[in-house]
Every structure is written in C-alpha cells, then in structure tokens.
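Asker: Just so you know, the protein sequences line up as chains W and S, in that order.
Quick note on the numbering used here: the first sequence kicks off at 162 and runs consecutively.
Quick note on the numbering used here: the second sequence kicks off at 47 and runs consecutively.
Handing you this structure, nothing more for now.
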Amino acid sequence: MIPAPFDYERAESVEHALSLLAEREDAKLLAGGHSLLPLLRLRAVRPSLLVDVGRIEGLAYVRDAGAAIAIGALTRHHDLARSPLLQEHNPLVSRAAGLVGDPQVRHRGTIGGSLAHGDPASDLPAVLLALDGEVDVAGPDGVRTVAARDFFLGPFQTAVGQREMVTEVRVPKLTGDHVWSYLKFRRRAQDWATVGVAALARRSDGGVAEPAIALVNMGATPLRAVAAEAAWAAGEDPGALAAEGTEPPSDTNGSAEYRRHLAQVLVRRAVAEAAAR
Amino acid sequence: MSAQTEVALGRIIGAPVQRKEDGKLLQGQALWVDDMHVPGTVYLGVVRSPYAHARIVEVDVAPALAHAGVVAAWSGADLAEEWAGSLPCAWLPTEDTRAPEHKPLAVDKARYAGDAVAVVAATSRAAAEDAAELVEVEYEPLPAVVDPEAALADGAPLVHDELGTNRCYTWSLEAGEVDRLFAEAAVTVSQRYRQNRLVPNAMEPRAVFVQTVPATGEYTIWSTTQVPHILRLTLSGVLGIPEAKLRVVAPDVGGGFGSKLDVYAEEALALAVARRLGRPVRWTETRSEGYLSTIHGRDQIQEIELAATAEGRITAVRVRLLASMGAYLQLVTPGIPLLGARLYAGAYDVQGYSFRCDGVFTNTVPTDAYRGAGRPEATYAIERAVDALARAVGKDPVEIRRLNFIREFPATIASGLTIDSGDYEALLDRLLEHVDLPAFRGRQEARREAGDPKRLGIGFSTYVEMCGLAPSRILGASRYGAGGWDTATIRCLPTGTVQVVTGTSPHGQGHETAWAQIVADRLGYELDEIEVLHGDTAVAPLGMDTYGSRSLAVGGVALYYAAERIVEKARTLAAYRLGVDESEIEYVRGRFAGPDGSLTLKELALSAWTAHDLPEGMEPGLEASYVYDPPNFSWPAGAHAAIVEVDTETGAVELERYVAVDDVGVVVNPTIVDGQVHGGLAQGVAQALYEEAVYDDAGNLLTANMATYLVPSAAELPRFELDRLETPSPTNPLGVKGVGETGAIAAPAAVMNAIADALAADGVTDLDMPATPERVWRALREARR
Ligand SMILES: Cc1cc2nc3c(=O)[nH]c(=O)nc-3n(C[C@H](O)[C@H](O)[C@H](O)COP(=O)(O)OP(=O)(O)OC[C@H]3O[C@@H](n4cnc5c(N)ncnc54)[C@H](O)[C@@H]3O)c2cc1C
Chain W
162 MIPAPFDYER AESVEHALSL LAEREDAKLL AGGHSLLPLL RLRAVRPSLL VDVGRIEGLA
222 YVRDAGAAIA IGALTRHHDL ARSPLLQEHN PLVSRAAGLV GDPQVRHRGT IGGSLAHGDP
282 ASDLPAVLLA LDGEVDVAGP DGVRTVAARD FFLGPFQTAV GQREMVTEVR VPKLTGDHVW
342 SYLKFRRRAQ DWATVGVAAL ARRSDGGVAE PAIALVNMGA TPLRAVAAEA AWAAGEDPGA
402 LAAEGTEPPS DTNGSAEYRR HLAQVLVRRA VAEAAAR
Chain S
47 MSAQTEVALG RIIGAPVQRK EDGKLLQGQA LWVDDMHVPG TVYLGVVRSP YAHARIVEVD
107 VAPALAHAGV VAAWSGADLA EEWAGSLPCA WLPTEDTRAP EHKPLAVDKA RYAGDAVAVV
167 AATSRAAAED AAELVEVEYE PLPAVVDPEA ALADGAPLVH DELGTNRCYT WSLEAGEVDR
227 LFAEAAVTVS QRYRQNRLVP NAMEPRAVFV QTVPATGEYT IWSTTQVPHI LRLTLSGVLG
287 IPEAKLRVVA PDVGGGFGSK LDVYAEEALA LAVARRLGRP VRWTETRSEG YLSTIHGRDQ
347 IQEIELAATA EGRITAVRVR LLASMGAYLQ LVTPGIPLLG ARLYAGAYDV QGYSFRCDGV
407 FTNTVPTDAY RGAGRPEATY AIERAVDALA RAVGKDPVEI RRLNFIREFP ATIASGLTID
467 SGDYEALLDR LLEHVDLPAF RGRQEARREA GDPKRLGIGF STYVEMCGLA PSRILGASRY
527 GAGGWDTATI RCLPTGTVQV VTGTSPHGQG HETAWAQIVA DRLGYELDEI EVLHGDTAVA
587 PLGMDTYGSR SLAVGGVALY YAAERIVEKA RTLAAYRLGV DESEIEYVRG RFAGPDGSLT
647 LKELALSAWT AHDLPEGMEP GLEASYVYDP PNFSWPAGAH AAIVEVDTET GAVELERYVA
707 VDDVGVVVNP TIVDGQVHGG LAQGVAQALY EEAVYDDAGN LLTANMATYL VPSAAELPRF
767 ELDRLETPSP TNPLGVKGVG ETGAIAAPAA VMNAIADALA ADGVTDLDMP ATPERVWRAL
827 REARR
C-alpha cells in the first residue's frame with residue numbers, strides 16, 4: 162500500500178536531526194526503513210514528518226573502545242556480521258546480526274533502528290540485553306547513556322524519547338573464557354524468530370559464572386531468563402526453567418504454550434552449544 | 047547450438063533451447079500492465095469491507111469527493127445500473143447449482159473481509175488510496191461463517207439470504223458395486239484430511255488498465271489475465287457492451303497459477319468507470335489487497351475410504367468432499383473440486399468408485415483454480431490413504447503401490463475416464479534407482495536406535511493426473527460453459543520469417559520458445575525467424591487461453607496441424623513450380639525436393655506472396671490456421687519421493703531430499719519442463735509445510751501479508767532431483783501431455799507421507815497440512831499421552 166502523506170527532511174547531522182525532531186510532535190526518524198516503511202505502508206503509523214538520518218556521516222562504524230566495542234547507530238546488520246573486530250571480540254553480535262532477515266534486510270537495517278524500534282521479536286535487542294550493553298541517546302539536553310536493562314520498556318517502547326536519537330551502542334569485549342550461543346528458531350530463513358535465545362557465560366572452575374540468557378519474542382520486551390541463568394550456574398538443567406516469568410504472544414507462528422516449550426528446548430540447546438565452544 | 051544444427055540433427059523438439067522470453071524479463075524490459083502510462087488516466091481506489099459479513103447501512107462518499115485529486119466516487123448502489131449481469135461463473139456443475147448474484151460492488155451486504163463496497167477515481171494512485179480511506183461506510187456486522195462444515199449446520203449464518211441455505215451444489219458419481227465391495231472387504235481404511243486454503247501469490251500483482259475511445263464506444267482492456275479471450279466475452283456480458291467493441295490485451299503477465307483465470311470485480315469496475323468518465327482508468331492491486339481480493343485455492347475437507355483384500359489389493363474407493371466456495375462463485379469456482387472427482391483412485395486399478403462433493407458458501411474470499419485445481423486434492427487423499435492401507439496390512443509403501451498399479455493402457459478407469467498411456471511401475475523403478483531404499487531404512491533405524499531426537503522419514507507419491515483441458519464434448523457433458531479447443535495460425539512472411547498466432551496466453555510458461563521449437567521442427571525455420579503472437583484479442587481473436595496444463599497439449603497440437611496445412615499447400619505449389627507430380631515431392635524440414643530440383647519453404651512463401659504464378663485456383667499467400675479439439679485429456683504421471691528430517695523436540699521438519707521422476711509425454715524443451723516442475727514442487731512443498739490462509743472465527747484473514755503467509759524461498763527448499771521417462775501420448779501427433787501442474791499435484795502427499803513415516807514409530811500418523819512445527823509437536827505430545 163501507499164503510506165499516508167508525510168513531509169520528508171534529510172538530516173545532515175545529529176544536531177540537525179534533533180532540531181527537526183523538535184519541530185513536530187509526531188516526527189519520526191528514518192534510518193534503514195526496514196521496520197518503519199512496512200508500518201507506513203500499512204498506514205499503522207502516520208507521522209507527518211520523516212527525518213531521514215540514513216545519510217548522516219560518521220555514524221556507521223565498529224570501533225575498539227578499550228574494554229568495549231563501540232558501534233555507530235547507523236551500522237548495518239550486514240556490517241556487524243562481517244566486522245572483523247566483532248568477530249574477534251564479540252562474535253555473539255556478529256552471529257546474531259547475520260541471522261537477521263535476509264540479505265536485503267541486512268544491507269538496509271541498522272542497529273540503532275533495530276534497538277529503537279523495540280520489537281520484542283528482533284534479534285539484536287536480546288543480544289544487547291544478554292551482553293549488558295549500553296546505548297548512547299542524544300537529545301535536546303545532550304547525550305545520556307542507558308543500560309540495556311533499562312532500555313526496553315514495552316512492546317515497541319524504549320527509553321528513547323520522541324525528541325531523541327540513538328547514536329552509539331557499546332558491547333563488552335568477550336575473552337577466551339567466554340562461552341556463548343545464539344539460537345534462532347524460525348519458519349523460514351528470512352523470518353523473525355518464533356523464539357530466540359542468546360546465551361553467554363564465563364567458564365569458571367569446571368562450571369560457568371556470570372551466566373546470561375536472554376529471550377527473543379517471549380514477552381513484551383526482550384527478557385532475561387533469570388531462573389534459567391541460576392540453574393545454569395548451579396549446573397542444573399536451565400531448560401526446565403527457561404519459560405519462567407515469560408508472557409509469550411500467540412500468533413500464526415505459534416501459540417504461547419508452544420513458545421514456552423520452544424524456549425525450554427532452545428535454552429537447553431544454547432547452553433549445550435555454548436559449553437561445547 | 048544453433049537451431050540449424052538442431053534441425054539437421056532432427057532434435058529441435060526436445061532441445062534445451064534457452065527461453066526467448068528471459069532476456070527481456072531479466073533485464074527489466076518486459077511490458078507489464080502497470081507500466082502503461084497515458085495522460086489523463088484516473089486511478090481507482092477500492093473500498094473494502096473490514097467485516098466478513100455485514101449489512102451495508104449507508105455509504106457516504108462525500109468526504110472522499112472533497113479530497114484533492116478526486117474525480118469521482120461511487121457506492122455499490124450508485125453503480126448498480128452499470129451492470130448488465132453478474133460477474134460470471136462459467137461452470138455450474140448441476141442443474142440446481144445455486145449461483146448467487148455477484149455484482150462488482152456489493153450493495154446490500156458485504157460477504158467477506160475484502161468484499162468491494164465502493165470505489166474512488168482520482169488523478170493519482172496515492173490520492174485514490176488516500177480518498178478511499180475517507181469513504182464512510184456504516185456497517186451492521188453480522189455473524190460470519192468460515193468453516194465449511196459449520197456452514198452446513200442448522201442455524202448457520204446465511205452467506206446469501208435469498209438462497210435459504212449455504213449449500214451451493216451436491217455432485218456425485220457412483221460406479222461399480224461399491225457397497226458390496228466394502229461389505230466384502232477384508233480390510234478397510236477410513237481417513238479424513240484437510241486441504242489447507244492457499245493464496246496463489248503470483249509474482250506480479252493483478253492490474254487492469256482501460257483505454258476508451260468515447261466517440262466509437264470502443265475499449266481496450268489491458269489486464270494481468272491468463273484468459274484474455276474469456277475476459278472479453280464475459281466482460282461484454284457484465285457491462286452490456288458488444289463483444290466487438292472490446293479488445294483485451296494480456297501483455298507480459300507475471301504468473302497466475304490459476305488466480306488470473308478469472309473475471310474480477312476490478313476489471314469490470316475499471317471498464318464501468320472508463321465508460322462513465324470517458325477517460326483511461328487504471329487499478330493495480332497492492333499485495334495486501336491481493337490477499338483479500340484475489341481468489342484462494344483448495345479449502346476442502348476430504349473423507350476417503352478404501353476397501354481392500356487382506357493383502358492390500360484395493361477394490362473400491364469412496365470419497366466425500368466438502369468444498370468451500372468462499373462467498374461468491376468466481377469463473378470456475380464450483381467446478382474446481384470436480385476436476386479431481388474421477389481421480390481419487392489415483393494410479394490404482396479398482397472396481398468400485400463412489401464420489402460425492404458438496405460445495406458450500408462461507409464468508410471468505412472466493413476459491414477457484416490454483417495450480418493443479420482438484421488434482422492435488424485427489425492425489426493427496428489417495429496417496430496418503432494408500433500409505434494408511436500399507437500400514438494396516440503391514441506392507442511397505444512401495445510394495446502396496448506395485449500391487450495396485452494400473453498396468454494396461456489405454457486404461458478405462460472405474461470413474462469412467464480413459465487413461466491414454468503410461469508405465470507406472472517403470473516410474474517407480476526409476477525412482478528407486480535414485481533413492482536407495484534399503485540404505486535409507488538402515489539410516490532411519492540407526493537414528494531411532496541411537497535415540498536421536500531427529501527422525502528420518504521417506505514418503506512416496508505415485509500420481510497420475512489428467513490435463514490438457516479439454517475435450518469440448520466432455521466439458522459440455524460436465525456443464526462447463528465453453529469448449530476446450532484451441533487455435534493456431536501460421537503466416538509465412540515474404541522475407542523469410544514466420545508469424546505464429548496462438549490462442550494460448552502464456553504468463554511465464556515460455557510458449558514463445560516452445561511454440562517456435564515446434565514450428566522450427568516442422569517447417570525448418572531458425573528459432574529467431576519465428577515470431578509468436580499471443581494474448582491480444584485483436585491479434586489472436588480466437589483462443590481458449592492458458593490454464594489446466596492445456597497449452598501444449600491443445601494449442602501446441604493446433605500449431606502442429608497448422609504446420610501440416612502449410613506443408614500441404616507448399617507441396618502443391620512446389621510440384622507446380624518444379625513441374626512434377628505432388629507424389630514425387632519429398633519434404634524434409636523446409637525443403638521440397640523433386641526428382642531434379644528443389645525449393646525451400648521460404649522461396650515458396652515468397653512466390654505465394656507475389657502470387658505472380660500460382661496454380662489455377664490457389665489463393666495467394668502461405669498461411670494456415672487450425673482449431674484443435676482434443677479427443678481426450680492427457681495423462682501425465684510420476685513417482686516422487688521426499689526425505690524429511692523431523693526434530694521431535696521442536697517439531698521442525700526439514701526437507702532433505704526430493705526426487706521426482708515424471709512422465710509428461712514427449713518433452714519439447716527440457717529446460718522449460720524442469721522449470722515448471724521446480725515451481726510446481728515448490729508450491730506443493732509449500733502446501734505441505736508452510737502455506738495456510740488462516741481465518742479467525744469472525745472471518746478476519748490472519749495471514750494477509752507475506753510476513754504471516756509463509757511462501758517458502760529457495761533457502762527452505764532442497765535441490766530438486768529430477769528425472770523423466772517418456773511414454774508419448776497416443777492422443778496427439780506430438781505425443782505431448784502437460785507439465786504445468788505435476789509438481790504441485792504430487793508433492794504434498796510425498797512430503798506428508800514422509801513425515802508420517804518419520805513419526806510412525808512415535809505413534810503419529812495423522813497430521814494436517816501444513817505440518818507446522820507446532821502441529822508436529824502437538825501430535826507427538828498427543829501420541830505420548
Ligand atoms: C522482511 C524483513 C525481515 C526482517 N527480519 C528481521 C529479523 O529476523 N530480525 C530482526 O531483528 N529484524 C528483522 N527485520 C527488521 C530489520 O532488522 C529492521 O531493519 C530493524 O529492525 C530496524 O532498523 P532500521 O534501520 O531499518 O529502522 P527504521 O525502519 O528506519 O526505523 C525503525 C524505528 O526506529 C526509529 N529509529 C531508527 N533509527 C533510530 C535512531 N538512530 N535513534 C532513534 N530512533 C531511531 C524510527 O523512527 C522507527 O520508529 C526485518 C525486516 C524486514 C523488512
């Protein structure tokens with residue numbers, strides 16, 4: 162379908178984008194467009210102004226930032242998947258980014274858009290949550306840093322305000338002691354996850370420490386499977402507790418009941434895969 | 047290799063010639079309906095009911111009229127006088143089939159979510175869509191009925207109040223002593239299957255563009271149609287415009303699979319608006335709109351019973367079908383389930399045959415032809431039931447098939463039709479050369495013994511189908527509203543090229559290439575000297591179009607006979623020019639040789655054109671036409687095997703291998719045939735594993751876009767392994783059968799049988815399509831309880 166009418170402005174810089182956002186209550190940023198355009202076409206959203214940030218210079222990068230890897234908000238999924246820096250220091254991100262949608266989607270979609278969109282079915286939000294990453298959000302009053310655990314507020318709701326813009330994302334460098342897995346269960350290669358699991362921990366004394374398990378599409382936001390994490394650390398079956406505290410949706414890809422079951426199977430497999438790494 | 051070499055080798059028919067069509071398609075140079083731009087055009091925006099069933103209380107188009115760029119807007123009532131008749135249904139299978147009124151815009155009631163209730167004409171497509179949103183329709187929602195069984199229950203909401211029932215028709219057939227055979231049977235199996243509702247999803251959405259010459263009252267309708275000829279004559283009836291004033295052009299058309307074998311509301315609307323406004327009018331479907339307004343396929347509940355001996359020899363088949371028509375009858379809606387009516391015994395020799403089908407109205411998008419149309423349904427039911435019988439008598443699925451195959455041809459089957467030719471056992475033998483069954487069983491068993499949660503399964507589908515629609519006499523007896531012939535004209539031009547006019551209307555099948563191969567083979571022209579014209583009623587006025595794997599077996603054969611007529615006339619002329627008797631002329635591909643001298647067909651074409659020196663009474667020009675009416679259907683068959691891996695923990699099914707051995711008669715172009723089989727298999731696998739149009743109880747289509755309706759991509763499909771045997775059809779001189787639908791017909795059963803095979807040891811044999819991970823998981827959980 163054709164979107165409802167809107168005005169269009171191309172932002173030259175973050176400041177420019179922010180000033181354009183400030184002009185209208187219902188202005189929206191446009192990055193890769195791969196979440197926003199489908200909604201526009203369905204006329205599910207009707208912003209009166211689109212602020213295209215896609216061509217702002219210097220916001221697409223993957224950089225070594227000491228203990229962390231810094232990722233510019235406009236970095237495409239494809240570039241995350243291919244980044245040598247991420248492949249070396251945080252392969253969990255590159256692995257998950259390489260499983261997003263299909264090649265077209267990965268060449269257009271950005272990490273900033275993916276996080277700001279706040280779709281609980283998306284891959285990178287759960288990965289960020291498992292990694293305890295952080296997000297820089299620029300606004301009228303400057304840049305603030307939001308921890309992943311405070312970032313996702315509800316379905317399609319994040320800590321990013323209407324007048325704000327995500328500029329950078331940081332994830333920790335993993336070490337040789339880290340074990341990880343990203344499993345995405347989907348009907349077709351290009352689909353969103355029916356359920357996805359990011360699992361991460363540090364090897365310690367024959368077991369694991371600092372376990373993190375985050376779930377995709379098991380509730381209103383990406384979720385940490387806290388009970389399963391504890392079980393994993395305790396050397397027990399994390400699968401059995403994987404669906405605890407979740408409120409998965411029911412749709413044509415699976416009922417809530419089936420998703421709970423899937424979460425159990427996938428968490429078990431993810432932990433096994435991580436352990437085998 | 048050049049055509050000339052091929053001609054010399056005598057192998058132009060059967061050569062893997064590259065498709066002439068592909069260059070322009072791949073380079074974006076095709077001409078689609080949506081590419082036509084003419085100044086002054088108005089664009090239509092169609093207002094559709096969000097309710098599956100609702101009384102239309104009031105339609106207010108005033109807010110739309112006030113929108114910038116809007117030229118006009120009408121409700122159903124406003125346009126009521128435009129229609130001289132309903133949108134056509136050409137196939138009422140019984141005398142008492144109930145055919146409700148079906149106007150392009152609903153007036154009193156909307157009967158499915160997507161039913162068109164108003165239309166806006168504007169100077170741009172965007173304005174048309176914006177304004178369509180502004181039309182205010184007051185609905186009084188009514189209870190809807192979606193499930194065909196529920197539709198027949200007492201007290202069900204009536205889709206068409208005036209009919210007093212949701213039953214459209216009951217059609218039945220009884221042959222042999224079925225009751226006795228069942229009573230005497232040592233073994234019977236009784237199965238119930240669901241044919242999931244499918245959305246055809248042609249790559250090119252539907253579009254229509256109408257140009258008018260108000261001074262003469264003439265209209266040219268550019269449409270994404272498979273059936274320009276049918277469209278012309280039926281639109282004439284819907285609009286009350288003399289057929290001679292209508293020209294229909296199907297330019298390049300991007301797929302149809304049956305969904306463009308129809309006469310749609312939007313085509314009639316565009317024509318009506320062009321008549322009202324005297325301006326060019328165009329409408330292009332959005333993909334989301336397509337899900338709600340283009341016909342769907344399948345949607346049947348099937349009950350099949352087999353009677354058999356203790357060894358598993360089938361003696362009789364009994365079938366009860368419940369087929370959802372959707373809310374209205376489209377062009378051939380009620381006939382679709384009946385295209386399979388006589389095929390539920392499959393490739394097997396039985397004595398008794400009983401079939402009954404009830405067609406039922408529901409508050410859903412109308413169903414109609416979708417790749418295979420009736421035959422995938424029949425094949426699925428019998429092929430799965432045969433596997434159930436194999437389990438009941440403790441036989442292998444291969445063994446049970448061998449035991450029951452029809453072996454002598456031509457074979458008159460219990461349901462009354464005659465299968466022209468075939469060798470079913472040879473197909474199965476060839477299949478087993480590709481699939482090492484004992485080795486597979488070993489691997490399967492080893493997995494199971496190791497407690498691997500991923501099980502393996504193999505499934506077979508040994509199908510036979512009827513295509514090449516169709517002998518007009520049989521169509522008449524089936525109460526179909528037209529004949530099944532087709533036409534070809536060959537015009538040898540003076541410059542050494544040749545023009546072929548065909549009544550078929552390709553939309554992806556490569557007729558321009560295959561037809562050229564036939565002409566090259568018969569008349570000795572190079573492939574690039576042959577022009578194939580089609581899909582325009584002004585250029586090819588007579589034709590029956592393309593559907594039902596009919597084009598080669600009917601239109602291609604017409605072309606063969608037209609070529610014979612060319613040779614006949616040219617022979618007379620050659621004899622005259624060479625001064626010998628006709629009997630002394632030897633004709634070999636484009637050259638007429640007498641005892642001392644010869645002339646080429648091209649030379650003769652030039653002489654016939656100048657007409658300076660022709661035999662007494664011979665008409666100038668070298669041109670011939672033929673209208674061919676096939677004496678029988680053609681009967682492709684094959685043996686397919688699918689190998690799946692089923693993850694018993696998640697329920698996910700992965701298709702590991704798919705092997706298809708087909709007999710589609712003589713193959714004109716193996717590359718095209720491979721492509722047709724690939725596409726058909728993809729759609730067949732899709733029916734088994736991925737695709738399903740899901741309605742909720744209120745009649746909302748929950749899978750109304752490509753994110754939720756899962757069309758598989760190449761990533762989900764294995765590399766198809768294809769092989770072929772050829773038993774030429776004795777019915778036509780080319781020996782051809784048809785291939786457009788075989789893959790879609792065979793694959794669902796092969797895949798589902800494979801899943802059942804994988805899970806039989808876990809106690810699961812019953813599973814509906816599509817076998818989604820959740821369905822598989824639930825079935826396993828059920829079985830473990
Ligand atoms: C067919 C298809 C399949 C897909 N499959 C997957 C999948 O499997 N997994 C997955 O995770 N995703 C998937 N996606 C979504 C894809 O990854 C999107 O590209 C991504 O979610 C959004 O990024 P974008 O740059 O395209 O954002 P846009 O669509 O441009 O914007 C999305 C939202 O974020 C806002 N926004 C964008 N950038 C910023 C910013 N820098 N700061 C603040 N707000 C911003 C916009 O205003 C908008 O509200 C798929 C998309 C498609 C079309």
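The beta-carbon is built from N, C-alpha and C at its ideal position, and this holds for glycine as well.
(1) Since M326(W) sits in a beta bridge, which residues does DSSP pair it with?
(2) Is the distance from the Cβ of L180(S) to the Cβ of P109(S) below 8 Å?
(3) Return helix, strand or coil for N751(S), following the three-state DSSP convention.
(4) Kindly indicate which three-state DSSP category S48(S) falls into: helix, strand or coil?
(5) Just reading off the beta strand (DSSP E) that H686(S) is part of, what are its end residues?
(6) Could you check if V205(S) is buried or exposed, using at least 16 other CB atoms within 10 Å of its CB as the buried criterion?
(7) What is the rounded straight-line gap between the Cα of S48(S) and the Cα of P62(S)?
(8) For P199(W), is the beta carbon positioned less than 7 Å from some heavy atom of ligand 2?
(9) Give me the residue from P383(W), R420(W), H239(W) with the minimum Cα distance to Q318(W).
(10) Alpha carbon to alpha carbon, what distance is there between L598(S) and A802(S)?
(11) Could you tell me which of E610(S), L660(S), D627(S) sits nearest to G636(S), measuring between CA atoms?
(12) With DSSP as the reference, label L55(S) as helix, strand or coil.
(13) Taking 8 Å as the cut-off, does the segment 531-538 of chain S touch the segment 667-678 of chain S (at least 3 CB pairs, one atom from each stretch)?
(14) How close, in whole Å, do the beta carbons of V690(S) and V797(S) come, if the pair is a contact with beta carbons under 8 Å?
(15) Nearest to L826(S) by alpha carbon, out of V757(S), G725(S), A698(S)?
(16) Using beta-carbon positions only, say whether C750(S) and S269(S) come within less than 8 Å of one another.
(17) Taking 8 Å as the threshold (C-beta atoms), are A523(S) and P293(S) in contact?
(18) At the level of alpha carbons, what is the spacing between G405(S) and L375(S)?
(19) My output table needs one value for S275(W): the three-state DSSP class, helix, strand or coil.
(20) Could you tell me if the beta carbon of Q323(W) falls within a distance shorter than 7 Å of some heavy atom in ligand 1?
(21) Throw me the rounded Cβ distance for the A424(W) and A404(W) pair, which I believe falls under 8 Å.
(22) Beta-carbon separation of G549(S) and G503(S) under 8 Å?
(23) Kindly indicate if chain W contains any beta-carbon less than 8 Å away from that of E695(S).
(24) Skipping 5 residues on each side, what residues in its chain have a beta carbon closer than 7 Å to that of R185(W)?
(25) Which residues of chain B have a Cβ atom closer than 7 Å to the Cβ of L435(S), listed in chain order?
(26) Scan the segment 75-96 of chain S for residues whose Cβ lies nearer than 9 Å to a Cβ of chain W and list them as they occur along the chain.
(27) With a threshold of 16 other CB atoms inside 10 Å of the CB of S775(S), please say whether the residue is buried or exposed.
(28) Which residues in the same chain as A793(S) place their Cβ atom closer than 6 Å to its Cβ, once the five residues preceding and following it in sequence are excluded?
(29) For K66(S), does the three-state DSSP call read helix, strand or coil?
(30) Could you pull the DSSP bridge partners for V233(S) from this structure?
(31) Near D168(W), which residues of its chain fall below 8 Å by C-beta distance, leaving aside the five closest residues on each side in sequence?
(32) Mind checking if S759(S) is an interface residue toward chain W, Cβ cutoff 8 Å exclusive?
(33) In the DSSP assignment, the alpha helix (DSSP H) including D225(W) goes from what residue to what residue?
(34) Whole angstroms is fine: what's the gap from R278(S)'s alpha carbon to A190(S)'s?
(35) Shortest alpha-carbon distance to Y741(S) belongs to which of R243(S), T143(S), A168(S)?
(36) Would you mind telling me which residues of chain S sit closer than 9 Å to V428(W), beta carbon to beta carbon, in chain order?
Answerer: Taking the definition as stated:
(1) According to DSSP, which records beta bridges pairwise, M326(W) is partnered with A299(W).
(2) Less than 8 Å separates the beta-carbon of L180(S) from that of P109(S).
(3) Coil, per DSSP.
(4) Model confidence at S48(S) stands at a pLDDT of 39, short of 50, so the residue's coordinates are unreliable and nothing is read from them.
(5) Segment 683-693, the beta strand (DSSP E) holding H686(S).
(6) Per the 10 Å Cβ criterion, buried.
(7) Confidence at S48(S) is low in this model, with a pLDDT of 39, below 50, so the placement of that residue is unreliable and no value is reported for it.
(8) What this structure holds is ligand 1, not ligand 2.
(9) Considering only alpha carbons, the answer is P383(W).
(10) One C-alpha to the other measures close to 36 Å.
(11) The candidate whose alpha carbon is nearest that of G636(S) is E610(S).
(12) Because L55(S) carries a pLDDT of 45, less than 50, the predicted location of this residue cannot be relied on, and the following value inherits that uncertainty. Residue state for L55(S) is assigned as helix, using DSSP reduced to three classes.
(13) Under the Cβ criterion (8 Å, minimum of three pairs), the segment 667-678 of chain S counts as touching the segment 531-538 of chain S.
(14) Correct: roughly 7 Å between the Cβ atoms.
(15) Closest option to L826(S), Cα to Cα, is A698(S).
(16) The identity of residue 750(S) in the sequence shown is Ala, whereas the question assumes Cys. In this structure, A750(S) sits away from S269(S), with a CB-CB distance that is not shorter than 8 Å.
(17) At residue 293(S) the sequence reads Arg, which differs from the Pro that was named. Note that the C-beta distance between R293(S) and A523(S) is not below 8 Å.
(18) Rounded to the nearest angstrom, the gap between the Cα atoms of G405(S) and L375(S) is 10 Å.
(19) Looking at S275(W) - three-state DSSP - the assignment turns out to be helix.
(20) No.
(21) At roughly 5 Å, the Cβ-Cβ gap stays under 8 Å, so A424(W) and A404(W) are in contact.
(22) Contact annotation: G549(S) and G503(S) have beta-carbon atoms that are not nearer than 8 Å.
(23) True, the Cβ-Cβ gap to chain W drops below 8 Å.
(24) For R185(W), where only same-chain residues beyond five positions count, the Cβ hits under 7 Å are S209, L210.
(25) Among the protein chains in the structure shown, which are W and S, there is no chain B.
(26) Residues: none.
(27) The residue in question, S775(S), is buried, as its Cβ has 16 or more Cβ neighbours within 10 Å.
(28) Shown here for A793(S): same chain residues with a beta carbon closer than 6 Å to its own, the five before and five after excluded, namely L727, G730, V731 in chain order.
(29) Correct three-state label for K66(S): coil.
(30) Bridge partners of V233(S): A354(S).
(31) If we look at D168(W) and ignore the five residues flanking it on each side, its Cβ neighbours are S209, L210, L211.
(32) Chain W, which has a Cβ nearer than 8 Å to the Cβ of S759(S), makes this yes.
(33) No alpha helix (DSSP H) contains D225(W), which is instead part of the beta strand (DSSP E) from 223-226.
(34) Each residue's alpha carbon lies about 34 Å from the other.
(35) Answer by Cα proximity: R243(S).
(36) Per Cβ cutoff of 9 Å: no residues; V428(W) is ~12 Å from chain S at best.
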